[in-house]
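Quick note, the working numbering runs 137 ahead of the 1-based positions in the first sequence.
For glycine and all other residues, C-beta sits at the position ideal for the given N, C-alpha and C.
These numbers were taken from a predicted model, which means no experiment stands behind them.
Below is one structure, written out as structure tokens; comments come after it.
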Amino acid sequence: MLDIKFIRENKDIVIAGAKKKHIAVDIDALLALDDKRRLLQASIDEKRAEQNVASKSIASAKAEEERQMIISKMQTLKEILRKDEESMQEVMKEWRALMVTVPNVPDMSVPDGDSDANNKEVKQWGEIPKFDFQPKDHVELLLANGMADYERGSKVAGFRGYFLTNDGARLVWALQRFVEERFANRSDFTPMIAPSLVRKEPFMGTGYLPQSEEDLYKTQDSDYLTGTAEVPTMGYYMDEILDKKDLPVKFFSFSPCFRREAGSYGKDTKGIFRIHEFVKYEQVVLCEASHEESVKYHEELTANAEALLQELKLPYRVVINCGGDLGLGQVKKYDIEAWLPSEKQYRETHSSSYFHDFQSRRLNIRYRDETGTVRYVHSLNNTALAMPRILTQIAENYQRADGRIGVPEALQGYMGKDVMGNAGVAK
RNA sequence: GGAGGGGUCGGAUAGUGGUUCAUUCCAGCGCACUUGAAAUGCGCCAGGUCGCAAGGCCUCGUGGGUUCGAAUCCCACCCCCUCCGCCA
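Now the structure itself:
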């Protein structure tokens, strides 16, 4: 949510921003409606003021005759006021519907473009592996080594269902301990296990609703299953006022994640790259309302994720997402993509973004600064580690000529071995 | 699922239709006293919105309703607590 004042005073910037994000929004219609709103509000305020004054005279009137006279006058006013209020309700309904469609303004450093093909690479790390044998893809590797079972997965869970078995399960548990040890003991991060079953308000607040409803699972009680711990974690301080001395707040937040993948029926249909159900550790930061602070923590969150990939020795690159690849509220986003040999390209493992006060306005998360002024916090988030997706890159980059899969050095202590596979499929 | 109780401006509280405009305490901020601090005293102190300003308006869980007038009465919903039932 942007400030309507900001939209009014910076109409051109907002329009240009929406265009850069390839999001259609009628700012002129919104502003015309806002003029209407303000006129109506002024009229309503005036009548209420009159009513308030009269109300006091009624209470203090000595003569019954005088009393009755004012009351009948107010009965007339009440009808007029009611009409204004009805118009106001209609205006506000439309006004709110338009307001939630206005996207946040992207940063100047965000490149133009309409899809991820236009994302701009800003960094590469690690060496792309060369194999002296015919490398396999992750779908086959995990299956052949008894680490995943897709057939029984879809038998039990439907399309995109999966089981992780043997070293597949062990590898996820190892990765969990790996990432937990790197975050949970840091004094600056608060470890958190967040709910996945979440009410609609946090989804509205983070910008997933109303636009992306078709990507969410909804329960018969009208709650939704979250696709990321960002949603419940951002909801944590909803409608609260924090102290500046408590900022920044950094969460290392775990949750199961559920995504309908409604818009991607044809994509990544095999294996565990794109699935309906997974688990993820997410970094979420609330900081004071300053662009410099946002940028500082954005870089920090990105670096935290990179450090994990470096420890796992997975070659990756960082891209700045182009305008068309940004969500409604995002000001700027880096995707981190690790190398996937079978596709000879980098594929996303992390996504790091900041929002300025777009989310905190909707969620009503504020803080008191040193002068006592109440301001909206800034918010950011980035993946710490999502599983089992990372297994695709580990399997492919660490595969060996004999078909087995090496264990990344950083995980060997947790796995208790240095090579996975050939464990036999459960019959 | 059943029964009962409750949600008031950062926290805690008073307030059951008007005539003090939401009370008081704590916390916070400013000033005085003090070498400094504590204590004490005095003052300020909810958020939002419209307005150049003076000032107006809104908000007592949310949304409706009754009324000239609602924190207060009615209805629906949300959330919290207690007990019973069921259950990992």
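Below 7 Å between beta carbons: does that hold for residue i and residue j?
i      : j      : result
Leu548 : Ala311 : yes
Val511 : Leu423 : no
Ile181 : Ile195 : no
Ile502 : Tyr374 : yes
Gln496 : Met341 : no
Lys173 : Val228 : yes
Val456 : Glu258 : yes
Pro248 : Lys157 : no
Phe391 : Glu414 : no
Val335 : Ala521 : no
Which residues share a DSSP beta bridge with residue i?
i      : result
Pro328 : Phe389
Gly543 : Val556
Val416 : Pro393, Met524
Leu565 : Residue 565 cannot be examined here, being either before or after the span of the chain that is shown, 138 to 564.
Ala179 : In DSSP, Ala179 forms no bridge with anything.
Trp262 : Tyr453
Glu474 : Arg454, Glu485
Arg503 : Ile378, Tyr513
Phe300 : Asp286
Tyr634 : Residue numbering for the chain in the displayed model covers 138 to 564; residue 634 lies beyond these limits and cannot be assessed.
Going straight from the alpha carbon of residue i to that of residue j, what length do you get?
i      : j      : result
Leu379 : Pro385 : 10 Å
Gly553 : Arg314 : 13 Å
His493 : Glu338 : 19 Å
Lys404 : Arg411 : 8 Å
Val359 : Cys459 : A small correction: the amino acid at residue 359 is Ser; Val does not occupy that position in the sequence shown. Using only the alpha carbons, I get a separation of about 34 Å.
Ser488 : Gly263 : 19 Å
Leu168 : Ser401 : 36 Å
Tyr551 : Ala523 : 18 Å
Gln188 : Ile217 : 12 Å
Pro393 : Asn441 : 21 Å
Ser516 : Pro369 : 13 Å
Ala538 : Phe270 : 6 Å
Arg297 : Tyr491 : 30 Å
Glu436 : Asp253 : 21 Å
Lys142 : Ser427 : 18 Å
Met211 : Glu202 : 14 Å
(request) Just list the alpha helix (DSSP H) runs in the region 185-259, keeping only unbroken ones of 4 residues or longer that don't cross its boundaries, in chain order. (result) 201-236
(request) Any chance you could list the alpha helix (DSSP H) runs of at least 4 consecutive residues sitting entirely within the region 510-535, in chain order? (result) 526-534
(message) Please give me, in chain order, every unbroken run of the alpha helix (DSSP H) with length at least 4 that falls completely inside the region 335-380.
(response) 337-343, 367-372
(message) I'd like to know if the region 512-532 and the region 444-456 are in contact, where contact means that at least 3 CB-CB pairs between them fall below 8 Å.
(response) yes
(message) Check whether the region 272-286 and the region 473-489 touch, using three or more Cβ-Cβ pairs below 8 Å as the test.
(response) yes
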